[in-house]
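K.L.:
Using this note's numbering, the first residue of the sequence shown is number 7, and each one after it goes up by one. Even for Gly, the Cβ is constructed at its ideal location relative to N, Cα and C. Structure in structure tokens, see below.
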Amino acid sequence: GDEKRARAALETLLLEGHPKGQALAALFFYEGDLLEQNRETALQLIKLSASQKEPRGQLLLAQWLIEGCTETCPNIDRALVLLRMASDAGLHDATEEIGRIYYDGVGMRQNRKAALPFIKTAAEAGKSDAQRVLGTMLHNGEHAPKSHELALEWLTKAARQNDPNAMAKVGVMHLLGRGTEQNVTKGLLWTWFGAREGEREAQYLIGMLLIDEGEDIKERMQGLIWLRVAASRGHEGAIELLENLQPQIQY
7 GDEKRARAAL ETLLLEGHPK GQALAALFFY EGDLLEQNRE TALQLIKLSA SQKEPRGQLL
67 LAQWLIEGCT ETCPNIDRAL VLLRMASDAG LHDATEEIGR IYYDGVGMRQ NRKAALPFIK
127 TAAEAGKSDA QRVLGTMLHN GEHAPKSHEL ALEWLTKAAR QNDPNAMAKV GVMHLLGRGT
187 EQNVTKGLLW TWFGAREGER EAQYLIGMLL IDEGEDIKER MQGLIWLRVA ASRGHEGAIE
247 LLENLQPQIQ Y
């Protein structure tokens, strides 16, 4: 079947020493998808791919080297070298990953000023995570001049790529009239999209709005459901609101 043909094609690439094939096979071995999971074999293959200057191989090896790292990470310097090579080769995923490392402080002190140029480059290349982060930084005036208009522009780009957090933020900006004329309908629509995609802040907002503004018991019950969903995902505001509403409702 299709799986057998895919394995045969992959085997041919591996026999030829093809670096893209090595990176692909490494990913399959690492995740146990198509091939039986074998992390040791995956690491050997990805090292071979990266040694042949395959950008995707360099990216994957770097990500595996820092997997699970927080403030301390013994392999962070090696990972950054690999990521910079992949980024210089035009792999925007690697550029975005460098930005994330500096932004979150992976294996180093958080340095969002250093992160900004990588985030901006990745955002301009269409990477939705970078677009959302750039929009948030512009909204807050974090290491860049505050601009609600530019923030909304970048957040909308991310939202249109189905980023739930960006959807929620775009919704709030339309509701409040930040960076644009206030548009409650558009704001509620974007917030609803974010809630439907699993963004807990959007779920909380929709729930709160339906409970406060619902025209009938059915809408208020829908609001309660959204609050419970947000609370189950750890949203503190939803948890607190449900506790305050508890005398009025039956679980």
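1. Determine whether the beta carbon atoms of Leu33 and Glu9 lie at a separation below 9 angstroms.
2. Let me confirm a value: Val176 is counted as buried when at least 16 other C-beta atoms fall within 10 Å, else exposed. Which label applies?
3. For the alpha helix (DSSP H) that His241 lies in, which residues bound it at each end?
4. Among Glu37, Gly213, Leu88, Cys79, which one has its Cα closest to the Cα of Val112?
5. State buried or exposed for Met173, treating a residue as buried only when at least 16 other CB atoms are found within 10 Å of its CB.
6. Let's test the definition: count the other Cβ atoms within 10 Å of the Cβ of Asn168 and tell me whether it reaches 16, buried, or not, exposed.
7. Per DSSP, what kind of secondary structure is Gln254 in: helix, strand or coil?
8. Would Thr191 and Ala208 be called neighbours here (beta carbons separated by less than 9 angstroms)?
9. Quick check on Asp169: does DSSP put it in helix, strand or coil?
10. Might you give, ordered along the chain, the residues of its own chain that have their beta carbon closer than 6 angstroms to the beta carbon of Ala100, omitting 5 neighbours on each side?
11. Please work out which residues of its chain come closer than 8 angstroms, Cβ to Cβ, to Arg118, disregarding the five sequence neighbours upstream and downstream, and give them in chain order.
12. Look at the alpha carbon of Asn171 and the alpha carbon of Leu247, and state the distance between them as a whole number of angstroms.
13. What are the start and end residues of the alpha helix (DSSP H) that includes Leu97?
14. Using a threshold of 9 angstroms, state whether the C-beta atoms of Ile104 and Ala131 are closer than that.
15. Do you know offhand how far Asn189's Cα is from Gly141's?
16. Enumerate in chain order the residues of its own chain whose CB-to-CB distance from Gln260 is below 7 angstroms, with the five nearest sequence positions on each side excluded.
17. Assuming Ala164 and Arg138 make a contact with CB atoms under 8 angstroms, what is their CB distance in whole Å?
18. If you draw a straight line from the alpha carbon of Trp160 to that of Glu17, how long is it in whole angstroms?
P.N.:
Walking through what the data contain:
1. The Cβ atoms of Leu33 and Glu9 lie no closer than 9 angstroms to each other.
2. By the neighbour-count rule (16 or more Cβ atoms within 10 Å), Val176 is buried.
3. First-last for His241: undefined, no H or E at that position.
4. Val112 has its Cα closest to that of Cys79, out of Glu37, Gly213, Leu88, Cys79.
5. Burial of Met173 is indicated by the presence of at least 16 other C-beta atoms within 10 angstroms of its C-beta.
6. Asn168 should be labelled exposed.
7. The three-state reading of DSSP puts Gln254 in helix, counting H, G and I together.
8. Not a contact, by the Cβ cut-off of 9 angstroms.
9. Here Asp169 sits in coil by DSSP.
10. Taken in chain order, the residues that qualify are Leu65, Leu89, Ala92, Ser93.
11. Taken in chain order, the residues that qualify are Tyr108, Tyr109, Met143, Glu148, His149.
12. Straight-line Cα distance between these residues: approximately 21 angstroms.
13. Unbroken run through Leu97: none, as it is neither H nor E.
14. Contact flag unset, no.
15. Spanning the two alpha carbons is a distance of roughly 19 angstroms.
16. Absent from the model: residue 260. The displayed extent of the chain is 7 to 257, so no value can be given.
17. That pair is a contact at about 4 angstroms.
18. Distance between the alpha carbons of Trp160 and Glu17 is about 42 angstroms.
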